[in-house]
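In my numbering, the protein residues as written are 1 to 663.
In what follows, a single structure is set out as structure tokens and then discussed.
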Ligand code: DC
């Protein structure tokens with residue numbers, strides 16, 4: 001998860017591989033509630049892990065359901081339409097998909113309940129649903145402002161004879177809530193009539209589809225009248241799989257349409273949604289095909305590769321795919337003319353005003369954009385030179401962040417900066433990891449920041465913190481020499497046997513995990529950090545064969561989106577083309593004092609004069625050896641941190657880094 005201020009995506013070239021989509025939120029929360037209302041046990045596979053599903057699960061447990069979770073599988077023991085707990089205070093967070101249907105179900109089942117949420121939840125309307133439930137005889141009281149949560153529910157006298165009227169033009173969730181709750185009391189036919197034009201029909205289709213899986217056949221006349229037949233009863237299907245999120249699929253469909261496939265590979269494969277999807281946004285596939293994407297589907301997967309190139313500009317009414325259509329706006333950057341996205345007025349009232357946001361950010365990249373009340377017309381940058389390196393604002397809107405990552409395939413090979421990238425957590429916490437696992441960049445475009453310097457200069461801490469601030473990988477190259485010496489000693493190879501140690505170094509079974517270092521499965525983090533291990537590392541690192549044995553391993557850390565590497569020869573030998581090289585030092589006295597503190601805090605007895613002597617001997621050996629001696633690269637910046645706090649040192653590195661960026 002990129003919990004950082006900004007993420008710089010290097011220019012990308014190709015892409016290939018497989019992505020397993022996270023589960024759909026709408027389906028996850030519906031399935032959880034339906035499983036809870038059914039008789040018997042339901043095993044839910046591929047459940048989305050998100051704030052909103054956690055809220056639903058917590059509420060169901062409070063109501064007496066049994067919930068067993070193992071990874072993305074949840075086993076729900078249903079209530080069979082009978083309340084175990086008839087009194088509870090339920091906290092709904094900011095989950096509309098939990099608040100609305102639970103209100104309806106609990107109001108009909110009877111009992112005394114209070115439902116509340118975060119402040120924002122108390123500003124989201126629920127009056128239309130409450131009005132509909134009151135027609136049925138439910139007793140519901142507003143505890144704050146009329147028309148909004150929090151609510152108190154009490155048992156009422158149900159009247160099921162007359163049709164129930166509910167408004168359909170504000171949110172389809174009110175109708176969904178009634179459709180899911182009324183089968184609990186279907187002693188006779190129950191009829192719902194929608195007042196006003198029903199919006200977001202694809203979501204009602206999801207509801208009807210899932211109801212069918214749980215044994216309820218709703219009869220529908222157009223989109224105006226729905227009847228739940230007398231005698232309807234929830235029946236668990238036993239096992240149910242949650243589809244991947246079809247809106248999230250749009251970024252990877254676009255990726256396959258835009259990026260050439262990596263060598264020898266066959267485009268992008270998406271697992272979790274396919275031709276059988278019950279989500280409306282699956283129709284993004286048709287729009288992507290119109291633009292030129294080649295897409296094959298199975299019931300539960302998609303395979304995409306580049307078809308027409310450049311993409312074809314389109315003129316499309318996007319009303320049926322409001323969320324996924326944002327991705328078309330970024331695909332338009334790669335089209336052969338002006339793309340016209342029409343009937344997208346709903347974008348204005350989503351997480352942000354998406355029409356204004358998309359127009360503004362697309363212009364930053366060099367596109368010409370005309371914005372109307374309910375449309376966008378996008379003309380891509382006409383030639384390579386017209387593209388601009390841009391810092392993209394994301395407006396706390398996960399979809400803006402995800403779709404603009406695709407601008408990194410620009411032909412001008414410019415990087416793209418995504419501000420506040422963690423906003424993707426709303427629906428796809430690992431989006432950027434998934435993108436980087438499939439996308440490729442020219443190695444020379446993957447940035448490296450080198451931090452070299454003598455022992456105990458604080459390189460490790462500084463490099464790790466800088467990497468964290470930028471969302472980059474981190475290479476502690478000293479650990480590789482320490483590990484080589486450690487593994488050699490284990491294997492009975494003498495440290496002065498250069499060829500012998502090199503053989504071991506070439507096949508080091510090393511694994512870094514957070515700040516832990518493993519040799520095969522053994523955690524050796526502490527063992528390689530001792531003074532003796534450092535001295536042994538210094539010895540083996542003087543052998544040219546050992547150094548060259550570790551080159552490929554060090555290069556393999558240069559991965560998207562970037563790397564911060566610390567050591568002795570990062571800037572001089574391993575990454576000579578790095579755009580930023582820093583030579584970090586501090587006076588020998590300062591370094592000895594720091595090391596002393598470190599050792600004492602770990603309970604190791606040491607004196608400053610002995611450490612100073614040790615440290616100077618190590619410096620002398622590292623600097624005077626023939627192979628890659630420790631020295632500043634010609635183009636390195638010098639940073640003496642004798643009197644600098646770690647925060648100031650990190651700020652200096654980030655400042656220098658910013659100076660190399662085109663934004
Ligand atoms: O940074 P460190 O103390 O973990 O490094 C241990 C030894 O490894 C150091 O004394 C010299 C050697 N080393 C090296 O020669 N080249 C590097 N890039 C990193 C470390």
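Heads up, the beta-carbon is just placed ideally off N, CA and C, and yes, glycines get one too.
All of these numbers come straight from a predicted model, not from anything done at the bench.
Boundaries of the beta strand (DSSP E) harbouring residue 141: 139-142, taken from the DSSP string. By the Cβ criterion, the stretch 64-78 is in contact with the stretch 32-49, since at least three pairs of Cβ atoms, one from each stretch, lie closer than 8 Å. In this structure, the CA atom of residue 102 is about 15 Å from the CA atom of residue 148. Counting along the chain, residue 45 sits inside no alpha helix (DSSP H); it lies in the beta strand (DSSP E) bounded by residues 41-45. Within the same chain, Cβ atoms closer than 6 Å to the Cβ of residue 633 are found at 571, 572, 581, the five residues on either side in sequence being excluded. With a cut-off of 6 Å, the C-beta of residue 478 is classified as near the ligand DC, since at least one heavy atom of the ligand falls inside that distance. Residue 228 and residue 206 have their C-alpha atoms roughly 16 Å apart. The beta-carbon distance between residue 16 and residue 438, rounded to whole angstroms, is 6 Å. This is short enough to meet the 8 Å contact definition. Annotation for residue 432: the continuous alpha helix (DSSP H) segment containing it runs 431-438. For residue 417, same chain residues with a beta-carbon under 6 Å away, outside a window of 5 residues either side, are 6, 8, 391, 663 in chain order. With fewer than three CB-CB distances shorter than 8 Å, the stretch 607-616 does not count as touching the stretch 556-570.
Beta-bridge annotation (DSSP): residue 368 is paired with 379. No Cβ-Cβ contact shorter than 7 Å links residue 419 with residue 650. Rounded to the nearest angstrom, the Cβ distance from residue 485 to residue 533 is 7 Å, consistent with a contact under 8 Å. Taking 6 Å as the cut-off, one finds no heavy atom of the ligand DC near enough to the beta carbon of residue 515.
According to DSSP, residue 392 shares a beta bridge with 418. Straight-line measurement puts the Cα of residue 35 at about 46 Å from the Cα of residue 525. The ligand DC never approaches residue 120 closely enough for any of its heavy atoms to be under 6 Å from the residue's Cβ. Put simply, the backbone Cα of residue 203 is about 38 Å away from that of residue 389.
Annotated three-state conformation of residue 227 is strand, per DSSP. Under the three-state reduction of DSSP output, residue 251 falls in the helix class.
A straight line joining the alpha-carbon of residue 436 with that of residue 405 spans about 10 Å. A contact is defined here as three or more CB-CB pairs under 8 Å, and the stretch 301-314 fails this definition with respect to the stretch 342-361. Within 6 Å of the C-beta of residue 474 there is not a single heavy atom belonging to the ligand DC.
When DSSP states are grouped into helix, strand and coil, residue 474 belongs to the strand group.
Between residue 327 and residue 250, the CB-CB gap stays under 7 Å. Residue 581 is bridged by DSSP to 450.
Apart from sequence neighbours up to five positions away, the residues of its chain that approach residue 209 with a beta-carbon distance below 8 Å are 278, ordered along the chain. Residue 482 is classed as buried because its beta carbon has at least 16 other beta carbons within 10 Å across all chains shown. Taken through DSSP and simplified to helix, strand or coil, residue 82 comes out as coil. Look at the stretch 259-338 and you find these whole runs of alpha helix (DSSP H), each 4 residues long or longer: 284-291, 325-331. For residue 116, the enclosing beta strand (DSSP E) stretches over residues 112-116.
Residue range 201-213 is occupied by the alpha helix (DSSP H) that includes residue 201.
Short of 7 Å from the beta carbon of residue 386, and not among the five residues preceding or following it, lie these beta carbons of its own chain, in chain order: 366.
Short note on residue 407: C-beta not closer than 6 Å to any heavy atom of the ligand DC.
Here residue 522 carries a strand assignment [DSSP, helix/strand/coil].
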